[in-house]
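The structure appears right after this line, and notes come after that.
Number of protein chains: 2
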Amino acid sequence: MASRRDRVDQRQRLSAATWSVLAERGLPGLTLRAVAERAGCTTGMVLHTFADKQALLVHARELLHQRTGQRADAVQAAADTPSAALRAVLLHAAAPTTERQEEARVWVGFLAAALADPVLAELHRGYNRRFVDRVRGLVAAVRPDWPAADCASAATGLVALAEGLNTLTAIDPATYSAAAQRVALDAALARLGPTAVDHPSG
Amino acid sequence: MASRRDRVDQRQRLSAATWSVLAERGLPGLTLRAVAERAGCTTGMVLHTFADKQALLVHARELLHQRTGQRADAVQAAADTPSAALRAVLLHAAAPTTERQEEARVWVGFLAAALADPVLAELHRGYNRRFVDRVRGLVAAVRPDWPAADCASAATGLVALAEGLNTLTAIDPATYSAAAQRVALDAALARLGPTAVDHPSG
DNA sequence: ACGTTACGGTAACGCATGTTACGAACCAGG
DNA sequence: CCTGGTTCGTAACATGCGTTACCGTAACGT
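Respectively, the protein sequence lines represent chains B and U. For what it's worth, the working numbering labels the leading residue of the first sequence as 1, then goes sequentially. For what it's worth, the working numbering labels the leading residue of the second sequence as 1, then goes sequentially.
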């Protein structure tokens, strides 16, 4: 019953190839042939690992979520205070570095694809709501005195700001520089109260 | 020299068909055949009116900017105070009504198209910077005591929030309802100072 | 009224894509 | 060493895309 070739290793290699193509050529350039060429194999092998192209798309979308989620976990765990964690999570949700501007471009591509693909749309909604929940929890940790409704609305607003910075950075990095993103996020975070504002690293 | 058929009307009708297809089937479904079918003609007529598919997209994009710009002009002129004008412009930049959620989807589609098309990207940047300038002027009118740099950063932050609400509403209208958008925008506007907050229409 | 010209539809081309059928290579067991 | 099943590469297929060449047709100028 066990496969002779290692299938999970194949999937991982194909995942790496998928992300490489996605970062370089964007979502419209994510073809089965491009992935196969990047992985050093053929389309037949790709379609032996993934049933459809939609399966590949779903896998790539999960890859993006996994990437951002793990990074959010890391920066959240590394922060000392809840307010610092909130600030770090939001800053890393936006796209300050050039390396993650391409990630923002991929994100926009999936967003546009989700507008016509119900499966991708459901994935997108789920991931986004999970992110909203994360931010809401952090807001509640920063302001335990706030009622839940206020925490929720603050979280949705902060997420909207972060995603807006994301999309705008993807298309106009000059106007929305890393400094501009930080200023905008800090201004929004200042609304949580003066005690919530601390800039550990400047 | 004058064309026998009204060409500008044709161009506008084809652009409207482009919006319709883009909102309904997304960017991958935006084909010349789909546009022609939606406009009630054939691809030959489309390519007699526009040289390329890119020309069609550029015209549709320009028309979208023109339409949103006119609406912004209208709500800005109809407002009594600068703060009311700022609030109205930002609220109409987001997509509260279901009618304009479709427009938000079109906007996201053009954004994704701009990621792969330098011409559309340059258009998008220019239009967005014009919108930032508009918001910056309104912020300066609301807070004449603020230095220019603060007005600029506040404007970019407000625009990012509005566009973020736009994109998130396009994919998840349930989470980002019209009320949630208003709450988020009002919270951000409250940062401009207590005098700037006035809700004329509830 | 007639020739000219622009306009729009038809159909095809070249191309890239997702998908599938089939054959070769590889590893087990007898 | 042969046999059987699994895995992957090869090559083709069908489809849809943007684009183009071609042709009928309707409107204008004279």
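We put the beta carbon where it would ideally sit given N, CA and C, even for glycine.
Spanning the alpha carbons of Q101 of chain U and A178 of chain U requires a straight line of approximately 10 Å. In the three-state DSSP reduction, R136 of chain B falls in the helix class (H, G or I). In this structure the segment 105-124 of chain U does not lie against the segment 174-193 of chain U, because fewer than three pairs of beta carbons, one per stretch, are closer than 8 Å. For the options U:A160, U:D186, U:N166 and U:L168, the alpha carbon positioned closest to that of L168 of chain B is the one of U:A160. Looking at the backbone, the Cα of R11 of chain U and that of A60 of chain U are separated by about 9 Å. Put simply, the CB of T81 of chain U is far from chain B, with every gap to its CB atoms at 9 Å or more. Annotation: the continuous alpha helix (DSSP H) that includes P82 of chain U extends over P82 to A93.
With a cutoff of 9 Å on beta-carbon distance, A39 of chain U and R7 of chain U are scored as not near each other. Rounded to whole angstroms, C151 of chain U and S15 of chain U show a C-alpha spacing of 36 Å. Within 10 angstroms of the beta-carbon of A114 of chain U lie 16 or more other beta-carbons, which makes it buried.
Around the Cβ of H124 of chain B, a 10 Å sphere holds 16 or more other Cβ atoms; the residue is buried. Distance from the Cα of L32 of chain B is smallest, within the candidate group B:S153, B:L47 and B:R25, for B:L47. When C-beta atoms of the segment 73-82 of chain B are compared with those of the segment 79-93 of chain U, fewer than three pairs fall below 8 Å, so the two segments do not count as touching. With its beta carbon less than 9 Å from one in chain U, H124 of chain B belongs to the interface. Under the three-state reduction of DSSP, L115 of chain B is assigned to coil, being neither helix nor strand.
Non-local beta-carbon contacts of L27 of chain U in its own chain, meaning distances under 8 Å to residues more than five positions away in sequence, involve G109, A112 and A113 in chain order. Sequence-ordered contacts of the segment 56-68 of chain U with chain B are nonexistent [C-beta pairs closer than 9 Å]. Sequence-distant partners of A154 of chain U (beyond 5 residues in either direction) whose C-beta falls short of 6 Å from its own C-beta, in its chain, are V139. Under the 9 Å criterion on CB atoms, E163 of chain U is classed as interfacial with respect to chain B. It is roughly 31 Å from the alpha-carbon of T175 of chain B to the alpha-carbon of R25 of chain U. For S20 of chain U, same chain residues with a beta-carbon under 8 Å away, outside a window of 5 residues either side, are R38 in chain order. Using a Cβ-Cβ cut-off of 9 Å, R38 of chain B does not count as an interface residue toward chain U, since no Cβ of chain U sits closer than that to its own. A Cβ of chain B is located within less than 9 Å of the beta carbon of L111 of chain U. A23 of chain B sits exposed, since fewer than 16 C-beta atoms from the chains shown fall within 10 Å of its C-beta. One Cα belongs to E103 of chain B, the other to R5 of chain U, and the distance between them is close to 46 Å. In this model, A116 of chain U and G193 of chain B are separated by some 41 Å (Cα to Cα). Counting C-beta atoms within 10 angstroms of its own C-beta, P144 of chain B has fewer than 16 neighbours from the protein chains shown and is therefore classed as exposed. Among the residues facing chain B, T156 of chain U is included, as its CB has a counterpart in that chain under 9 Å away.
Counted as a single uninterrupted DSSP element, the alpha helix (DSSP H) harbouring W19 of chain B occupies residues R7 to R25.
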